[in-house]
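Worksheet: the structure to be examined is printed underneath.
Number of protein chains: 2
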Amino acid sequence: MSTIPAAPDGVEPLVPVQEHLEGILSGIAPLGRVEHVRLADAAGRTLATSVDALVDLPSFDNSAMDGYAVRQADVAAASTDHPVVLTVVADLAAGPAAEVAIGPGEAARIMTGAPIPSGADAVVPVERTDAGTTRVAIRQAPRPSQHLRRRGEDLHAGDRVLTAGMELGAGRIAAAAAAGLAELPVTAVPQVAVVATGSELVEPGAPLGRGLIHDSNSLLLASLVAEAGCAVSEVLRLPDDPRRLREWIGGRAPCDAIVFAGGVSVGAHDVVRHVLAEFGTVAFARVAMQPGKPQAFGTLPGGTPVFGLPGNPVSVAVSFEAFVRPALLTMLGRAQVRRPSWHVVAEVGWCSPAGRRQYMPIALGSRDGRTTARPATAGGAGSHLAGGLAAADGFAIVPEHVEVVAAGDLVEVAILW
Amino acid sequence: MSTIPAAPDGVEPLVPVQEHLEGILSGIAPLGRVEHVRLADAAGRTLATSVDALVDLPSFDNSAMDGYAVRQADVAAASTDHPVVLTVVADLAAGPAAEVAIGPGEAARIMTGAPIPSGADAVVPVERTDAGTTRVAIRQAPRPSQHLRRRGEDLHAGDRVLTAGMELGAGRIAAAAAAGLAELPVTAVPQVAVVATGSELVEPGAPLGRGLIHDSNSLLLASLVAEAGCAVSEVLRLPDDPRRLREWIGGRAPCDAIVFAGGVSVGAHDVVRHVLAEFGTVAFARVAMQPGKPQAFGTLPGGTPVFGLPGNPVSVAVSFEAFVRPALLTMLGRAQVRRPSWHVVAEVGWCSPAGRRQYMPIALGSRDGRTTARPATAGGAGSHLAGGLAAADGFAIVPEHVEVVAAGDLVEVAILW
């Protein structure tokens, strides 16, 4: 990153997106605080330290089917035409159970999940029998160990279940429960202040005078912060007044990061740029992307990371996705800070600027059972097309060297909401 | 759907997944109640009715750049070698503004977002000038209308902004704000009761005796219901005791849907199947899928939809994804009840049963910048592999006619968490 004077386009080289991101991430550390939460409260949190199974899973040999536990050798010759009849000596349901044993010529009726009686080494599904309750005709020979789930087959006590940095969704929480855990160590949630700047901004729904617009950026940023698993500590609108901005920075409530929208470009009234520059610890960059070129990142005195994003709504969304979200996920302690991306067919073609990575708002569609993408609006990647955000499912990410996306090309998409 | 006796496998034809889903959806209606929420409270909700812009967006012609508003004809001959000098008659910041006009030979310094003065028909970026404040040298001729954002260019008042049935994410909420809306009509959130059944179930973390396992299904279902945008009205564990189940059904708190896990197969103690069958309004099906074959769906007296899912955790997750989630999204009023799916390269091969749709838990990876998938565990699609849910990012969905997925094949994946 470098400080960019108001130089003619093309004179000052643009910073590649990846380089700008790496500069940010090198200045960001996980918060590091650990909390312990019950499984029921763990959804959406991030695992702080890896956890191991406390029990074997399953913790006892059990039946994978409703049927009969048998000695395989007893019924090795069974067939539909020549069933083998066994004496049913037990009826085993799932649930708390005493030890049971079967001997030669014996079987136990058994339900899915019930412990296998000692002596048994296979389960014959009820569908392969006459379903008898005192004697049962076995109509098909089981393979040895057929339909047995062995103790520890899924996990052994001490096996790693979840690794540090995972986001805890339904499946992972369930796996932790199955492995004997009752609570999990999770990372603290970063508290993020979001500030929309601009003297033109009024509250959503308020009457508009000439020169005024409805503030959408503070809602956009607050929602994006929450979607990233972080907490919004403060939501604010500030006019283009350096004094007001300095006052807020000086007196602000504690938080773990600050995101500004607007005021970072080369304009005379770009107060975020001017005020943040006074600290000497915030760098301004022109990044090789469309939209979102002007970017600011650094720290305030005390070390709070601060982001200055360009003010147009699409630029805010793109800049958040490219830079702020990876930084917040790093603070959260996530192992994976990149969203998975997908390659889908472009329904129509469009152009992308040479030498800049394009983030094109796209809407998903479907053709022949395959997901497709097309620009969300006719207006293209224009950074002021707030209405386009309404139609967008995410962004197509067009590499720097590509200037034309043709209909039928595979394009990379990241899905945001 | 049809009632399935304990018939030998292959005798009773399996119901295709799509047919079973259509049967369920034909019995499900949107709740239909509408609430109005402020934009700040709308995240994750579903839009109840389409909404139109209340204002033009932008609502006045404004500058897309920091620079100078000019009369294009004045500077049509401007170049670096032969700049055209204009008199700067105004300095226009974004924000509340009186009308300003420029005449021949005049320019207005203008910031991004500020209203265009009358008389001006183009904006020259500051980088193409000497940045003067009383007189400015224009070094490049602008195209007509260059860097102007025209009133209504993004949206006109009355244009459709958001359509009924959309999930409200950050971008859509921001678009509503930009279009002049302060609140949105959203659908009521379905209240869903989840019930894990099985006498073998104990609370997560509790000591295990022989035959006992930790209940993971109630947490799994509660998390999945929440991830689907619905509310969990009750979470319950019940033993395999028909009397207890009848009591709960009879005395339950009001809710919009009930999801049972366990007890729907052909076992003698499959009490959910036995008790729900007493109502005569619940159908049991053997569905052509792996895992998740035994499925129950119907309504209780009074009309509450009820799902009976097989009890193994992976089967619960798959059944929820295939049947319950689309039904809950229908109740929510979502226009789109299918998750977008993606085709990615399989890193390794695996087998899938003939004639059944396989849902294979997969972990995502990456190769050459492309997302890839591999089975989450060596155990494959085995329905009891709760530990595998820990490693899974989602499921690969292998069509009924495919019996072998080879390394390098494109497979369809649905990403759950």
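Residue numbers (the UniProt record's numbering), protein chains in the order written: chain A, 1 to 417; chain B, 1 to 417. Cβ coordinates follow ideal geometry from the N, Cα and C atoms, glycine included. Every value quoted in this text rests on a predicted model; they were computed, and no experiment measured them.
Check whether residue i and residue j have beta carbons under 8 Å apart
{"i": "A:A363", "j": "A:A392", "result": "yes"}
{"i": "A:I138", "j": "A:T129", "result": "yes"}
{"i": "B:L54", "j": "B:A179", "result": "yes"}
{"i": "B:A141", "j": "B:A76", "result": "yes"}
{"i": "B:L162", "j": "B:A170", "result": "no"}
{"i": "B:L155", "j": "B:T197", "result": "no"}
{"i": "B:A43", "j": "B:S216", "result": "no"}
{"i": "B:A376", "j": "B:P361", "result": "yes"}
{"i": "B:T133", "j": "B:A64", "result": "no"}
{"i": "A:E183", "j": "A:V34", "result": "no"}
{"i": "B:T49", "j": "B:A164", "result": "yes"}
{"i": "B:A107", "j": "B:G119", "result": "no"}
{"i": "B:P305", "j": "B:T299", "result": "yes"}
{"i": "residue 426 of chain A", "j": "A:L410", "result": "Limits of chain A in this structure are 1 at one end and 417 at the other, which puts residue 426 of chain A out of reach."}
{"i": "B:R109", "j": "B:V88", "result": "yes"}
{"i": "A:V272", "j": "A:G262", "result": "yes"}
{"i": "A:G349", "j": "A:A296", "result": "no"}
{"i": "B:H269", "j": "A:A90", "result": "no"}
Within chain B, partners of residue i - CB distance below 9 Å
{"i": "A:I116", "result": "The contacting residues do not exist; A:I116 stays about 11 Å from chain B at best."}
{"i": "A:L208", "result": "V55, S59, F60, G180"}
{"i": "A:A317", "result": "A170, G171, A174"}
{"i": "A:V34", "result": "The premise fails here: A:V34 is roughly 19 Å from chain B at the closest Cβ pair, so nothing lies under 9 Å."}
Minimum C-alpha distance to residue i - residue among the options
{"i": "B:I213", "options": "B:R71, B:V266, B:S199", "result": "B:S199"}
{"i": "A:R367", "options": "B:P340, B:V84, B:V344, B:D240", "result": "B:P340"}
{"i": "A:N62", "options": "A:I397, A:L92, A:P104, A:I24", "result": "A:L92"}
{"i": "B:R210", "options": "A:E99, A:R357, A:A29, A:D81", "result": "A:E99"}
{"i": "B:L168", "options": "B:P254, B:R334, B:V316", "result": "B:R334"}
{"i": "B:P16", "options": "B:L148, B:K293, B:R160, B:P125", "result": "B:K293"}
{"i": "A:P58", "options": "A:A120, A:A177, A:L224", "result": "A:A177"}
{"i": "B:V264", "options": "B:G311, B:R325, B:G152", "result": "B:G311"}
Reduced DSSP secondary structure (H/G/I, E/B, other) of residue i
{"i": "B:G365", "result": "strand"}
{"i": "A:D74", "result": "helix"}
{"i": "A:G171", "result": "helix"}
{"i": "A:E183", "result": "strand"}
{"i": "B:V405", "result": "strand"}
{"i": "B:M1", "result": "In this predicted model, B:M1 has a pLDDT of only 34, less than 50, meaning its place in the structure is not dependable enough to derive any value."}
{"i": "B:D9", "result": "Unreliable positioning characterises B:D9 in this predicted model, as indicated by a pLDDT of 48, which lies under 50. The coordinate reading is nonetheless provided below. B:D9: coil per DSSP, three-state reduction."}
{"i": "B:V194", "result": "strand"}
{"i": "A:F260", "result": "strand"}
{"i": "A:Q146", "result": "coil"}
{"i": "B:E347", "result": "coil"}
{"i": "B:M289", "result": "strand"}
{"i": "B:V100", "result": "coil"}
Rounded Cβ spacing between residue i and residue j (contact assumed at less than 8 Å)
{"i": "A:P353", "j": "A:D256", "result": "35 Å between Cβ atoms; not a contact."}
{"i": "A:S218", "j": "A:V235", "result": "5 Å"}
{"i": "residue 438 of chain B", "j": "B:H343", "result": "The displayed coordinates of chain B run from 1 to 417. Any statement about residue 438 of chain B would go beyond what the structure contains."}
{"i": "B:L221", "j": "B:V275", "result": "About 18 Å separates the two Cβ atoms, so there is no contact after all."}
{"i": "A:A327", "j": "A:L25", "result": "7 Å"}
{"i": "A:E321", "j": "A:L416", "result": "6 Å"}
{"i": "B:R143", "j": "B:L86", "result": "Not quite, the Cβ-Cβ distance comes to about 17 Å (not below 8 Å), so this is no contact."}
Closer than 7 Å at the beta carbon, the chain B residues around residue i
{"i": "A:M111", "result": "G267, A268, H269"}
{"i": "A:S233", "result": "Those do not exist, as A:S233 stays about 14 Å from chain B at its closest Cβ, beyond 7 Å."}
{"i": "A:P313", "result": "A174, A178"}
{"i": "A:H214", "result": "A177, A178, G180"}
{"i": "A:V88", "result": "Those do not exist, as A:V88 stays about 12 Å from chain B at its closest Cβ, beyond 7 Å."}
{"i": "A:L219", "result": "L39, A40, I173, A174, A177"}
Amino acids of chain A, ordered along the chain, whose beta-carbon sits closer than 7 Å to that of residue i
{"i": "B:F323", "result": "Here the premise fails: no neighbours, minimum Cβ distance about 16 Å."}
{"i": "B:R370", "result": "H343"}
{"i": "B:A392", "result": "G171"}
Contact list for residue i against chain B, beta-carbon separation under 8 Å
{"i": "A:I415", "result": "P340"}
{"i": "A:S199", "result": "A93, A94, G95, P96"}
{"i": "A:E227", "result": "A43, G169, A170"}
{"i": "A:D240", "result": "A93, A94, G95"}
Chain-ordered chain A contacts of residue i [CB-CB under 8 Å]
{"i": "B:E347", "result": "Under the 8 Å cutoff, chain A gives no residues; its nearest Cβ is about 14 Å from B:E347."}
{"i": "B:P204", "result": "L39, A176, A177, G180, L181, A182"}
{"i": "B:L224", "result": "A170"}
{"i": "B:D66", "result": "S265, V266, G267, A268, D270"}
{"i": "B:V337", "result": "Chain A residues near B:V337: none, gap ~13 Å exceeds 8 Å."}
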